[in-house]
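Novice:
Numbering (this note's numbering), first residue to last: -1 to 363.
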């Protein structure tokens, strides 16, 4: 476990001055959120990246349960550029970076093999957002994405709120967005969680016990683009309707796991109505006893098991080898603009994009 030294103002050992930098006439900074339960979250307005989440284990010992960096330069130059950042304008992949909207074809920047991934190389994860912290448990970020940025149409106004609940150790992320031109929007947070606590090296998440509230998933081809099918998880290693450890089947000779080099798939969540806030997934780390519940209004959640983490260094000397993090990215289905039978990701002028996702931490009873 990493031995962090709390500063005067936070448990994470992060220093505010290490996150202050001028980038294109905008200032980056470190912000600390706290609640009455003792939970603490550190964030920066560069990409709205979460830097640490300090929560207790079954013995009351606090540790950081999200992979992060300890300076703004390390965040900017991270080998994993999407580490815990806000993703947009479109999370996940769009085939060949192309889509047609109301008869007009749009070409996006290609940054993942033949495809566009997570909004492109200069997506929302690279932007310095305006930030206001109205109280100790809340921060509000704003950004205007210009018409044509990374190839997306319309000026998009985004407001995003991170808020810690005082009654429980829950991080609530609320998204709102409006546009002046028809566009597509699929926002998410790409949190890389390790409930054991980051360390040198951080342990794998193969012992994590996962449940996902989904009868179906979205299969992918060899370049991680949806085939267009929505398949049942029943009878496959993709089935997490009942609890399974991540490592139990991750290396099965199952074509979807081969295509994703492990789990890297969107699950079609069971919903009684569109837009309802419901439980998407649970994750238990049995050694520490820490738990995480994921709730979302979205139709899908991407399960990613850190298959491509390469052992790079993070905060306080922690290292992040392959499969040392698990991600639950609440989102629309990938490549939705090219699959009209998927739930729509179109946002029209006069309408408002809304999303709520909650990461709730606890310990096993």
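Ideal Cβ placement from N, Cα and C applies to all residues, glycine included.
1. Starting from the C-beta of residue 30, find all residues in its chain whose C-beta is less than 7 Å away, skip the five residues before and the five after it, and write them out in chain order.
2. Which stretch, first to last residue, makes up the beta strand (DSSP E) that contains residue 262?
3. Which whole-angstrom value describes the C-beta separation of residue 182 and residue 88, a residue pair presumed to lie in contact below a C-beta threshold of 8 Å?
4. Measuring only the C-alpha atoms, how far is residue 165 from residue 296?
5. Counting beta carbon pairs with one atom in the region 131 to 140 and one in the region 210 to 230, are three or more of them shorter than 8 Å?
6. Can you list, in chain order, the residues of its chain with a C-beta nearer than 6 Å to that of residue 172? Leave out the 5 residues immediately preceding and following it.
7. So does the region 271 to 285 actually touch the region 230 to 237, counting three or more Cβ pairs closer than 8 Å?
8. At the level of alpha carbons, what is the spacing between residue 161 and residue 168?
9. Is it true that the CB of residue 335 sits closer than 8 Å to the CB of residue 264?
10. Rounded to whole angstroms, what's the CA-CA distance from residue 111 to residue 86? Just pull it up for me.
11. Within 10 angstroms of its Cβ, does residue 293 collect 16 or more other Cβ (buried), or is it exposed?
12. Suppose you measure from the CA of residue 36 to the CA of residue 53; what does that come to, to the nearest Å?
13. For residue 181, does the three-state DSSP call read helix, strand or coil?
14. As a quick exercise: from 119, 255, 345, 49, pick the residue whose alpha carbon is nearest that of residue 236.
15. Could you work out which residue in 314, 357, 12 is closest to residue 191 when comparing CA atoms only?
16. I'd like to know if the region 72 to 82 and the region 42 to 62 are in contact, where contact means that at least 3 CB-CB pairs between them fall below 8 Å.
17. Smallest Cα separation from residue 63: which of 348, 189, 103?
18. So, for residue 259: in the same chain, excluding its five sequence neighbours on each side, which residues have a beta-carbon less than 6 Å away from its beta-carbon?
19. State the Cα-Cα distance for the pair residue 97 and residue 113, rounded to the nearest angstrom.
20. What is the DSSP secondary structure of residue 26, reduced to helix, strand or coil?
21. Starting from the N-terminal side, write out each stretch of the alpha helix (DSSP H) that is 4 residues or longer and does not extend beyond the region 232 to 296.
22. Would you mind sorting residue 24 into buried or exposed? The rule is 16 or more other CB atoms within 10 Å of its CB.
23. Starting from the Cα of residue 272, find the closest Cα among 247, 155, 238, 341 and give me that residue.
Specialist: In terms of the structure at hand:
1. 7, 8, 38, 40.
2. That run of the beta strand (DSSP E) goes 262 to 266.
3. The pair is a contact, with the Cβ atoms about 6 Å apart (cut-off 8 Å).
4. When rounded, the distance between both Cα atoms is 24 Å.
5. No, the region 210 to 230 does not touch the region 131 to 140.
6. Result list for residue 172: 159, 354, in chain order.
7. The count of Cβ pairs closer than 8 Å, one atom from the region 271 to 285 and one from the region 230 to 237, stays below three, leaving the stretches out of contact.
8. The straight-line gap separating the alpha-carbon atoms of residue 161 and residue 168 is approximately 8 Å.
9. No, these two residues do not count as a Cβ contact at 8 Å.
10. As the crow flies, the alpha-carbon of residue 111 is around 18 Å from that of residue 86.
11. With 16 or more other Cβ atoms within 10 Å, it is buried.
12. In a straight line, the C-alpha of residue 36 is about 8 Å away from that of residue 53.
13. The answer is strand: DSSP assigns residue 181 an E or B state.
14. Residue 255 is the option with its Cα nearest to residue 236.
15. The candidate whose alpha carbon is nearest that of residue 191 is 357.
16. A contact exists between the region 72 to 82 and the region 42 to 62.
17. The shortest Cα separation from residue 63 among 348, 189, 103 belongs to 189.
18. Apart from sequence neighbours up to five positions away, the residues of its chain that approach residue 259 with a beta-carbon distance below 6 Å are 305, ordered along the chain.
19. Taking the straight line joining both Cα atoms gives about 11 Å.
20. Strand at residue 26.
21. DSSP assignment within the region 232 to 296 yields the following whole alpha helix (DSSP H) runs of 4 residues or more, N-terminal first: 253 to 258.
22. The residue in question, residue 24, is exposed, as its Cβ has fewer than 16 Cβ neighbours within 10 Å.
23. Comparing Cα-Cα distances from residue 272 to each of 247, 155, 238, 341, the minimum goes to 341.
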